[in-house]
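Okay, so the sequence shown: first residue is 352 according to the numbering used here, each after it adds one.
The C-beta atom is built at its ideal place from N, Cα and C for all residues, glycine as well.
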Amino acid sequence: MKFRPCIDLHGGKVVQIVGGSLDERNTDNTRTNFVSDRAPADYAALYRDANLPGGHVISLGTGNQDAALSALRAWPGGMQYGGGVNPQNASLFLEAGASHVIVTSFVFSGGRIDYAKLAKLIDKVGKDCLVLDLSCRKRDGDFYVVTDRWQQFTDEKVDAALLEKLADSCAEFLVHGVDVEGLKQGIQEELIVLLGEHSPVPVTYAGGVHELEDLERVKKLGKGRVDLTIGSALDIFGGTVPFSAVTAWQDKNR
């Protein structure tokens, strides 16, 4: 189990946003926990110097391309990129230094996974450079993938069958627990257990971390097979969990 860092971008700046609140049409609905004065490339350099590979740069909405590219170039091969990725632009981010591209909305049509679109993407970038974002929300007792800035429920249920089926089409999964993302009120334990038991490929969970002990909690719940991203709770994003303590935990658990 590893800690995976993040750089979330909105309006060209590094931010932390409450999951599911991002609304490009009505910005008054967007709940922001943190906006940084530091450049995205500064965060990438921080993660590089701490030897924390495998994190992600995520573009939340438009106007982030230059910021994203600067972060990727600051650490070639060190971070993944997600946000509006499709077969036409994927190579731009890979050539800038992304180790993988992360995709959700492009591979969905009418609320279902469009396997023809997924095949086109694999043909363009290769399975080994593709991460599928299965970020989800709970409905009627089950977790369903959400798309379009986490606003739209799909018909795809995150369960053992879906994870098994999609594992042949990607290198990793990224899963935000959207219902708790950015709230710093606790992780979605049920989701972490599901991922730890059933994901055939590496998987990273994000959402709800509020204390350092959540690292050990996720390690136990996920049987050491689920990596963890921490956003709003970190002191480098205005939270109370020391980044230095997280890096020390990671060094101890390598």
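Cα-Cα separation between K396 and A390, rounded to whole angstroms = The amino acid at residue 396 is misidentified as Lys; the sequence shows Ala. In this model, A396 and A390 are separated by some 10 angstroms (Cα to Cα).
Proximity to A449 [Cα-Cα], best of G492, T455, G405 = Ranking G492, T455, G405 by Cα distance to A449 puts G405 first.
Apply the 10 Å Cβ neighbour rule to E507 and answer buried if 16 or more other Cβ atoms are within range, or exposed otherwise.
-> Only buried fits E507, as 16 or more other CB atoms lie within 10 angstroms of its CB.
Note down, in chain order, each residue of its chain lying with its Cβ closer than 7 angstroms to the Cβ of I473, except the 5 sequence neighbours on either side.
-> Within the same chain, L481, S520 come within 7 angstroms of I473 by CB-CB distance, once the 5 residues on both sides are set aside.
Between which two residues does the beta strand (DSSP E) harbouring S595 extend?
-> Element bounds for S595: not the beta strand (DSSP E) but the alpha helix (DSSP H), 594 to 604.
C-alpha gap between D393 and G434, whole angstroms | Computed Cα separation, rounded: 20 angstroms.
Measure the beta-carbon distance from G582 to A557 and round it to whole angstroms, keeping in mind my assumption that it falls under 8 angstroms.
-> That belief holds up - the Cβ atoms of G582 and A557 are roughly 7 angstroms apart, short of 8 angstroms.
Would you mind sorting K574 into buried or exposed? The rule is 16 or more other CB atoms within 10 Å of its CB.
-> Looking at its Cβ environment, which holds fewer than 16 other Cβ atoms inside 10 Å, K574 is exposed.
S456 vs T498 beta-carbon contact at 8 angstroms = Going by C-beta atoms, S456 is nearer than 8 angstroms to T498.
Anyone know if the C-beta pair for L469 and V458 falls short of 8 angstroms?
-> Closer than 8 angstroms, so yes.
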